[in-house]
Every structure is written in C-alpha cells, then in structure tokens.
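Chemist:
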Amino acid sequence: MQSTTYLTKGSRTLLFPDFLPVKALILGALLMGGSTLQAQQYTRPAWKFGAAAGANFNFNQGLTQQLNSNLTVPAGFNHGNGVGLFLGPVIEYHRPESSFGMMLQAGYDSRKSTFDQITTPCNCPADLSTDLSYLTIEPSLRFAPFKNNFYLYAGPRFAFNRTKAFTYQLGINPDFPDQAPTPAVDGEFSNIRENLISMQIGAGHDIQLSSQNSKVQTVLSPFVAIQPYFGQNPRSTETWTLTTLRVGAALKFGKGRKIPVAVLPPATPIVEPVFGFAVNSPKNNPETTSIIETFPIRNYVYFDAGSTAIPSRYVTLGKSQVRDFKADQLDVFAPSELSGRANRQLMVYYNVLNILGDRMVKNPSANIKLVGSSEKGAQEGKKMSESVKTYLVNTWGIDPSRIVTEGLTKPRIPSRSIGGTRELDLLLDGDRLVSIESSSPELLMEFKGGLDAPLKPVSLLAPEESYVTFEVDGAEEAFSSWTLEVKDAQGKIQNFGPYTEDKVSIAGESILGKKAEGDYTVTMVGKTKEGQTIRKETPVKVVLWTPPTSVEGNRYSVIYEFNDAKAIASYEKYLTEVVAPKIPIGGTVTINGHTDSIGEEAHNLGLSLARANDVKGILERSLLKAGRNDVKFVVNGFGEDEKVSPFKNKFPEERAYNRTVIIDVTPAK
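At position 42 of the sequence shown (counting the first as 1) the number is 42 in UniProt numbering, and the numbers step up by one without a gap.
As structure tokens, then:
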C-alpha cells in the first residue's frame, strides 16, 4: 500500500510583502485608475424622450362612390395607394436589464392616397385623391426578446380625424378630344368617422449614439410598423379601408445615473481553516486475493406506506442512460452511501428494475406478471404494479403486452400470520410490495421455478484496490464544498466534484483512461463558508488495477421467506450444481446463517442455525456423491445479532436480505 500525505494543521495568516511604499504606490494607482474610469461611467437611461418621424405607405381597399351628399361619382373607386407623413413626440421607459418596457407615440398622422384611375360609363377617365389626416395616440408594449438593442412593440392606435378633403377629376372622353374639360371638384368626405380605434405591431433597433461616459445619452432608433385594415374604415358608409406600413426613425434622449465609484475595502488577513489533505493510491498487486461475490436478487419491489410510486431508493434511469447500463458494472448506477458487501448487495437489488428491463430487452420472448399487494386493497396494489410497468415500458421500451398486472390485498406468501400480535407494523411493511413473476427461464434463476422464483443472481468483482482515495480531514467543518483538479504530466486537467464529505474514492480507470500508470499533481480546491478559495496540492502516482491471475475465493448467498427454514430446499439444485463443484480440494466452506430483527431473539438464533445446517447438509451430500470428503465446514448461526448482521433493519428489503445464509468458499492454504 503506497500513500502520499499532504497535511496542514493550525491557523495561518496570509500577509502581503512588507514593502509599504511599494504597496501604497500600487494601491493608490489602482484606486486612482479605478476612480478615473468609473467616475465617467453612467448607466443607460431607463426613461427616454424624443421625437419620431416617418413615412406612411397607405394602401386603399374596398369601394367608395358616394363622396358626400352632393357628389356621387358614376363608378366606384376600389384600390389605390399613397405616402403621407408621420411626425410626433415619443416617450419610452425600458430598463436595460429587462426584456419589457413601454412606449408612447403621439402626433400628426397623414393618410394621403390616390385611387387607381377608373373609367366611367361615358368612357371618361376619373381620378380621386384623398387628404385624410389624424391626431394619433399610440401606446405600446415593448419587448426585447434577446435583451439587446433589437425590440418588438405592439399596442392600440387611437386616431382623431383632422382633415377629410378630396379632389375628384373627371377627364375627357378620348373619342371626343375637343370636348371642354370638366373642372376638378374639391370637397370633403361625408360620414367620416371622427374617432378610430385600431392596432399596430412593429420592430425597431436602438443605435447608441453616445458612450456611457456621457450623462445625457442619445439613441437613434429606426423602426417599421404595420397598421392593418381592421379598425381603419375612414367612413361609416361603404367599404373603404386603409392599411398603413410606417417606416421611420426616432431620436431619443435620456439621462443616465452615475455609477458609484467602487471603494476598495481595506485588505483583511485571510485565516485558513484547519484541515488535512491526504491521497491514498494503492499499488497494483496481481497476486492479491480477490473474491467474486454472487448476489441473489429478490423478486420483490417494496413500496412506502401511502404511496403507489416507486420509492426513490430504487435506481431509475433516464432513456439516455439505458444504452450504457451493464449488469456487471452497477457501480455506475449505484444509490448513495455505498460501502462494504452489504451495501454492494443492495446496489444490485436497488437496480432490480434495470436488471429486469435489460434482460427483457435481450430476451424478447420473455413475459412477466407484476402482482401488487397493499393493505388498502387490490385496487391500490394494482396501481403499484402499474407504476413498475410504466417504468419498464417508458424507459426500457418493453412492449406493454408482455407485462400483465394484478392487485391483491396481501401477497401469496405473506409475512403476517393469522392471530399474530407482535411487530405488526414491520410485517405490514414487508407485505406492501410488487412481486415479479415469470415462467421465462431467461429472467429467473435456472435452478428454481414457481411464483416465488427470484431473478437470476448477479456476480460482481469489487476490489477496493481499484480506487484512489482522497481524504480531506475536517472538510465538513472547513468547507462548504471542495473539488479536485488532477493534472497529468502533459498539463491536461481533469476535474472531480464538488464534494462535501471528508473522504471520497475515485476509480483509477477514471483518472488514467487507457494508460497503465501515470504521475499526477492533485490539487484540492476548497470553498469556505465565507466564500474564500483554499488550494492544496500534492503529487501522486496512479497505477491501473488489473485483475489477479486466478480468482481464489467465492461468496454466495441464499435468501428465505419470513420465518421459514424449509424454503432452502428450493435452492438445492443451485447449491448442488453451481456451488459444490466450485469448492476446491481441501478447501474450507464457512456458512453463516442470519435472520431479521422481527420475533424473539432466541427463536431467531435457532432459525439462523437451522438454515445454515440445511445448506451444509445439501453441500455435504453433493460432495459425497462426487466421492469427496476433503472439505472442512464451519457453521455459525448469528440470529438477529446486529453486530454481524449483513444489513440494517430499517427498510423491508433490508430485513428480507437479512433472512439469509452466506457461504464463503476459500482454497486450502
């Protein structure tokens, strides 16, 4: 074991070099420079006032023929266009950091136009020009979608008629060129609407003509707006409408607020927190004994009281993670707080839905039945099983027709017994579950069938030697979080974290990649609760872990139903055909029986020993049939003893896995 330690204890004060004149000169220059720069800076104004001017491109549609009570022309005018002037003041409010603002334009609005020439029934050309003008008030909501100088605006238009003149000219029939010309008729339209309410929508772009060094800032804002025809019928009779495209620019002025000069606070000593930093990078030892652990997977998913959702302690994946899931690399998808064999087994169990989904994808002919059991009734149990089905269908893409769901009040193999009075709440938790049932051998243990058949076991090789351990002693008190910078000899930096705990382990392969070994500089970067950054670095050599040339040990587990020692018979074929042949000549088999914490302590002690002896008997008979009597057996029954119990007893799945016999097979030394 190789370990490099960089340890810092005690408090230190970071001081500047003791050159007061130099420090004063540098600090003074910085202050003066900062003051000169910032004293000239002003904010962009929120309120702006100015004027807008533009051209109204007016387009006539509809029919007008009776110009007033005294004049009705021989034929109606339909289409036309013209250009008029828009001119008026503008007020705008828009905070630069916001997307929204307000605008108000008001002023003179000309809707001059000329209708297309028509021919009257007398074959005479006729022309009509209009001179409509309004006093307009246009409030708008301004929106800058990108929080920059481009903006959109929209709002109502209130128009009050000022002029309504027209000029009508009837021309000479070209067939009679000597005919005396008809004088033009000047008049005013009748039935003119005095007030119009319409709308507009437009876009503009602010061009800053002043720098932020000026208190009074000028903005030129070209704009374009469309005022559609609806609401713009000039007359209350006939069908004449106007559509206007306005193109123009606004010149706006505003006063900015002086940006206050930043006053540098006096330099204060930085007190480092007390902590220690150590890196442990184990050497690779191909001859180190490793153990392959085979974990049984319980075919139950336990649910929390009052909920039909899959509990958060089970690992659920997103669709993008499914393609990376591998049953032999579950540490990538591990729940939190993993350490030791017990939690590695729970890591396997908490991936039960992903292991099931993976196997169903690889075996498209396999079908399952999900049976939910709840003390609230079969309907509640059905909802629980539907939650599991939804996850398998939506995440793993399983065809819904391959999954059947059912609801029960209690499971087919209940923990509660009739007349029982003790620890009913724990027994109730153990009966609130979804059972995964299948007759497909691809999903289940090949040595066991029936409705209570567990899923196939998973084997993991989990050496601690494959991890580099980083320990920051006192990190929880010293830092709000800390990260790691790992720099190789070529200067390439990898970042890990942030972390809050004192000790973390990172797989050597994550650091080395495809390299066999490498020299690195590891920098711990801590963020204190006061916002300071503390850095400590140390060199470390990392060697890629490689598996040993021969596996020297195996560990197996078998699990039982509640308060039952006879269920071990269902594992007899597994113990006979899988475990017994792997026992080396002269080897030792240590068999440890355990129970959960439910029930009398003395009863549980006897129950655990009975289970262990059942396993011993099955293995002995199998070895004798093979003509072997060279194996040493060590049998222990630990009952519910929490000091040696594989798991805690907080959750029903932990209690289920405590009803177990653990078999360690080691070679002769």
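Where a beta carbon is used, it is the ideal one built from N, C-alpha and C, also for glycine. Small disclaimer: the values here were computed from a predicted structure and weren't measured.
Within its chain, find whatever has a CB closer than 7 Å to the CB of Lys-48; leave out the 5 residues flanking it on each side and keep chain order.
Modeler: Taken in chain order, the residues that qualify are Glu-92, Val-219, Lys-252, Phe-253, Gly-254.
Chemist: Between the Cα of Val-404 and those of Gly-372, Gln-200, Leu-428, spot the shortest distance and give me the residue it belongs to.
Modeler: Of Gly-372, Gln-200, Leu-428, the residue nearest in Cα terms is Gly-372.
Chemist: By a C-beta neighbour count over all protein chains shown, 10 Å radius and 16 as the cutoff for buried, is Ala-180 buried or exposed?
Modeler: So Ala-180 counts as exposed.
Chemist: Decide yes or no for the touch test of the stretch 658 to 667 against the stretch 594 to 607: beta carbon pairs closer than 8 Å, at least 3 of them.
Modeler: Judged by Cβ distances under 8 Å, the stretch 658 to 667 makes contact with the stretch 594 to 607, as three or more pairs qualify.
Chemist: Identify whether His-94 lies in helix, strand or coil by the three-state DSSP scheme.
Modeler: Looking at His-94 - three-state DSSP - the assignment turns out to be strand.
Chemist: Given this structure, state the Cα-to-Cα distance separating Ser-221 from Ala-184, to the nearest angstrom.
Modeler: Going from the Cα of Ser-221 to the Cα of Ala-184 covers about 42 Å.
Chemist: Less than 7 Å between C-beta atoms, sequence neighbours within five positions excluded: which residues of the same chain meet that for Asn-649?
Modeler: These residues qualify, in order along the chain: Asp-596, Ser-597, Arg-655, Asn-658.
Chemist: So, at 7 Å on beta carbons, what are the nonlocal neighbours of Thr-590 in its own chain, with the 5 sequence-adjacent residues on each side left out?
Modeler: Val-634, Asp-664.
Chemist: At which residues does the beta strand (DSSP E) containing Ala-507 begin and terminate?
Modeler: Where Ala-507 is concerned, the enclosing beta strand (DSSP E) stretches over 503 to 507.
Chemist: Could you check where the beta strand (DSSP E) with Trp-47 kicks off and where it finishes?
Modeler: Note, Trp-47: beta strand (DSSP E), 47 to 61.
Chemist: How far does the beta strand (DSSP E) with Lys-487 in it extend, from its first residue to its last?
Modeler: Segment 479 to 487, the beta strand (DSSP E) holding Lys-487.
Chemist: Pull up the DSSP beta-bridge partners for Tyr-153, would you.
Modeler: Answer is Arg-142, Gly-202, bridged to Tyr-153.
Chemist: Nearest to residue 687 by CA position, among Asp-127, Ile-583, Phe-189, is which residue?
Modeler: Outside the modelled stretch of the chain, which goes from 1 to 669, sits residue 687, for which no answer is possible.
Chemist: Can you list, in chain order, the residues of its chain with a C-beta nearer than 7 Å to that of Thr-130? Leave out the 5 residues immediately preceding and following it.
Modeler: These residues qualify, in order along the chain: Lys-112, Ser-113, Phe-166.
Chemist: Hey, would you say Ile-511 sits closer than 9 Å to Val-468, going by beta carbons?
Modeler: Result yes, Cβ atoms of Ile-511 and Val-468 sit closer than 9 Å.
Chemist: CB Asn-78 to CB Leu-67, shorter than 9 Å?
Modeler: Contact: no.
Chemist: When DSSP labels each residue in this structure, what does Tyr-467 get in the three-state scheme?
Modeler: Tyr-467: strand per DSSP, three-state reduction.
Chemist: Name, in chain order, the residues that DSSP records as bridge partners for Met-102.
Modeler: Paired residue(s): Tyr-93, Leu-141.
Chemist: Buried or exposed: His-603, going by 16 or more other Cβ atoms within 10 Å of its Cβ?
Modeler: Exposed.
Chemist: Which runs of the beta strand (DSSP E) fall wholly inside the stretch 383 to 411 and span at least 3 residues, in chain order?
Modeler: If we require 3 residues or more, the beta strand (DSSP E) runs fully inside the stretch 383 to 411 come out as 403 to 408.
Chemist: Is it buried or exposed, Glu-501, if we count other Cβ atoms within 10 angstroms and call 16 or more buried?
Modeler: Looking at its Cβ environment, which holds fewer than 16 other Cβ atoms inside 10 Å, Glu-501 is exposed.
Chemist: Using 10 angstroms around the beta-carbon of Gly-306, count the other beta-carbons present and answer buried if the total reaches 16, otherwise exposed.
Modeler: Label assigned to Gly-306: exposed.
Chemist: Within a Cβ cutoff of 7 Å, which residues of the same chain sit near Gly-33, ignoring the five residues on either side of it in sequence?
Modeler: The predicted position of Gly-33 is uncertain, since its pLDDT is 38 and thus under 50; no value can be drawn from it.
Chemist: With DSSP run on the structure shown, which of helix, strand or coil describes Ala-250?
Modeler: Correct three-state label for Ala-250: strand.
Chemist: How many angstroms separate the CA atom of Ser-385 from the CA atom of Ile-436?
Modeler: Taking the straight line joining both Cα atoms gives about 9 Å.
Chemist: Between Phe-86 and Leu-245, what straight-line distance do the alpha-carbon atoms span, to the nearest angstrom?
Modeler: Cα to Cα, the separation comes out at about 11 Å.
Chemist: Quick check on Arg-12: buried or exposed, where buried means 16 or more other Cβ atoms within 10 Å of its Cβ?
Modeler: Because Arg-12 sits at a pLDDT of 38, beneath the cut-off of 50, its placement in the model cannot be relied upon, and the point is left open.
Chemist: Helix, strand or coil: how does DSSP classify Tyr-520 here?
Modeler: If DSSP states are grouped into helix, strand and coil, Tyr-520 belongs with the strands.
Chemist: Using only alpha-carbon positions, find the residue among Pro-89, Asn-70, Pro-74, Gln-117 that is nearest to Ala-51.
Modeler: Among Pro-89, Asn-70, Pro-74, Gln-117, the Cα nearest to that of Ala-51 belongs to Pro-89.
Chemist: Tell me which same chain residues have a C-beta within less than 7 Å of the C-beta of Gly-82, skipping the five on either side of it?
Modeler: Hits under 7 Å: Asn-58, Lys-112, Ser-113, Thr-114.
Chemist: State the CB to CB distance for the pair Ile-310 and Ser-387, rounded to an integer number of angstroms; the pair is presumed to be in contact (CB under 8 Å).
Modeler: The Cβ separation is near 5 Å, so the contact holds.
Chemist: Have a look at Gly-256 and Ile-534 and give me their C-alpha separation to the nearest angstrom.
Modeler: Between Gly-256 and Ile-534, the C-alpha separation is close to 40 Å.
Chemist: Please classify Val-216 as buried or exposed, where buried requires at least 16 neighbouring CB atoms within 10 angstroms.
Modeler: So Val-216 counts as exposed.
Chemist: With a Cβ-Cβ cutoff of 9 Å, do Asn-495 and Val-486 count as a contact?
Modeler: Yes, Cβ-Cβ distance for Asn-495 and Val-486 is below 9 Å.
Chemist: Do Leu-196 and Asn-233 have their CB atoms nearer than 9 Å?
Modeler: Their beta carbons are under 9 Å apart, which means Leu-196 touches Asn-233 by this criterion.
Chemist: Rounded to whole angstroms, what is the Cα-Cα separation between Tyr-153 and Thr-523?
Modeler: Approximately 53 Å between the Cα atoms of the pair.
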